[in-house]
Amino acid sequence: MGGGSETRPLLVIGGRSQIGCFLRRRLAETEQPVLAASRQPGPDTTGWHWLHAELPDAMPGWPPLAGIISAGPLGLLAEWLAGQPGLDCPLVVATSSMSAISKRDSPVAAEQALASALTAAEQRLQAVCEEQGRAWTILRPTLIYGAGLDRSLSPIARRAARWRVFPLPPGRGLRQPVHADDVAAALLACRHTESAWGQIIPCGGGERLPAAEMFARVWRSLPGAVLPMPVPAMAVKVSGWLMPARAGMLARLEADLVADNHMLRTRLGLQPRGFHPGADDWWPSAVADPG
Numbered sequence: 001m002g003g004g005s006e007t008r009p010l011l012v013i014g015g016r017s018q019i020g021c022f023l024r025r026r027l028a029e030t031e032q033p034v035l036a037a038s039r040q041p042g043p044d045t046t047g048w049h050w051l052h053a054e055l056p057d058a059m060p061g062w063p064p065l066a067g068i069i070s071a072g073p074l075g076l077l078a079e080w081l082a083g084q085p086g087l088d089c090p091l092v093v094a095t096s097s098m099s100a101i102s103k104r105d106s107p108v109a110a111e112q113a114l115a116s117a118l119t120a121a122e123q124r125l126q127a128v129c130e131e132q133g134r135a136w137t138i139l140r141p142t143l144i145y146g147a148g149l150d151r152s153l154s155p156i157a158r159r160a161a162r163w164r165v166f167p168l169p170p171g172r173g174l175r176q177p178v179h180a181d182d183v184a185a186a187l188l189a190c191r192h193t194e195s196a197w198g199q200i201i202p203c204g205g206g207e208r209l210p211a212a213e214m215f216a217r218v219w220r221s222l223p224g225a226v227l228p229m230p231v232p233a234m235a236v237k238v239s240g241w242l243m244p245a246r247a248g249m250l251a252r253l254e255a256d257l258v259a260d261n262h263m264l265r266t267r268l269g270l271q272p273r274g275f276h277p278g279a280d281d282w283w284p285s286a287v288a289d290p291g
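So for the sequence shown, UniProt numbering puts the first residue at 1; every next one is plus one.
Printed below as a string of structure tokens:
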């Protein structure tokens, strides 16, 4: 167990995702051979071989693996693995999301459905791995940033940089953004940490701060002159009424969306960085080159 021999390849799923960008960098510093499954393969580099694949059905046959590291869709991973009882792979480490918890009680039906789907996928992956005799770990990251590929803070930052105006909403709810590189480090640490196997591990950033301060730090990280525009609390409420699809997100401005990093520290020995973003965190070209 523990990932098998280092001469076996490690299968990476989601190598072109925001977490995958940093997995590539970290694995490039090791001698671990990697097979990367992706719908849009990148160029091969030393020790890293891309294969065209798509979960759950368009996957090639795999040789004996050191393990699977997945930053891809958890439900599709579980579905594919359920049909692979003979795959020689001792360990699966995958990402879910803290949305499995934070969106359970959302006023938006689509967000409730997302939380239910994530929880079901987590349970399915656990059951499949245990039935097939594989060790497993699932990470639940909070709000991820750092590669310019997220759909939360990066679009806000780029839009503000283009328009030269940054709407600053109020919000006393605590946030704990986690850098994609810290999630990548946690995924890799799980491979060799037996006390992390069979666990769902919350994975938040190293700092908790009010939502209003989080947005303010994003604004301060932008290059050039960007005008801050405070948004009154009443305007936020009206926006929720006028745009029901955003009602859940706006309501959560006053809710704490944080993770308990106790297992991250005590089992993996990791302490993620605080939230001090730079302009490069919001544009994909800074880190997304697969070479």
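The C-beta atom is built at its ideal place from N, Cα and C for all residues, glycine as well. Since this is a predicted model, take the numbers as computed values, not measurements.
query, result
"Spell out a yes or no on whether the segment 94-101 and the segment 150-166 are touching, meaning 3 or more CB-CB pairs, one atom from each, closer than 8 Å.", "no"
"If you pair each beta-carbon of the segment 118-133 with each one of the segment 168-182, do three or more pairs fall below 8 Å?", "no"
"With burial defined as no fewer than 16 other Cβ atoms inside 10 Å of the residue's Cβ, what is the status of P277: buried or exposed?", "buried"
"Starting from L51, trace the beta strand (DSSP E) both ways and give me its first and last residue.", "48-52"
"Taking 6 Å as the limit between beta carbons, can you name the residues of its chain near I13, skipping five residues before and five after?", "A37, S70, G72"
"What is the C-beta distance between S97 and R140, in whole angstroms, given that I count them as a contact (C-beta under 8 Å)?", "6 Å"
"How is the alpha helix (DSSP H) around A120 delimited, first residue to last?", "109-132"
"Return the residue from the list A110, L77, C89, D105 that minimises the CA-CA distance to residue 293.", "This structure cannot speak to residue 293, because the chain is shown only from 1 to 291."
"Report all residues from its chain with a CB closer than 8 Å to the CB of L222; omit the five preceding and five following residues, and keep chain order.", "A157, A160, A161, F166, A279, W282"
"With a 10 Å radius around its C-beta and 16 neighbouring C-beta atoms as the bar for buried, classify S152 as buried or exposed.", "exposed"
"Please look up how many angstroms separate the CB atoms of V128 and L55, rounded, as I've assumed it's under 8 Å.", "In fact, because the Cβ distance is near 13 Å, the residues do not count as touching under 8 Å."
"On a Cα-Cα basis, can you pick out the residue from A251, A212, R134 that is closest to G198?", "R134"
"Report yes if the CB atom of G274 is closer than 9 Å to the CB atom of E213, and no otherwise.", "no"
"My understanding is that L270 touches A147, with C-beta atoms under 8 Å, so please give their C-beta distance in whole angstroms.", "With 8 Å as the limit, L270 and A147 do not qualify as a contact, their Cβ atoms being about 19 Å apart."
"Could you name the residues of the same chain whose beta carbon sits closer than 8 Å to that of W136, not counting the 5 residues immediately before and after it, in chain order?", "L91, V92, V93, A94, L125, Q126, C129, E130, W197, G198"
"State the Cα-Cα distance for the pair T142 and P33, rounded to the nearest angstrom.", "29 Å"
"Give a yes or no on whether the C-beta atoms belonging to H179 and P272 are separated by under 9 Å.", "yes"
"Identify, in the order they occur along the chain, each residue of the same chain with its Cβ nearer than 8 Å to the Cβ of G67, setting aside the five sequence neighbours on each side.", "G3, G4, L10, L11, C89, P90, L91, V92, V93, R191"
"Measuring straight from C-alpha to C-alpha, what distance separates P155 and L74?", "24 Å"
"Give me the Cβ distance between N261 and G224, rounded to the nearest whole Å; I'm assuming they're in contact under 8 Å.", "The Cβ separation is near 34 Å, so there is no contact."
"Is P177 buried or exposed, if buried means 16 or more other CB atoms sit within 10 Å of its CB?", "buried"
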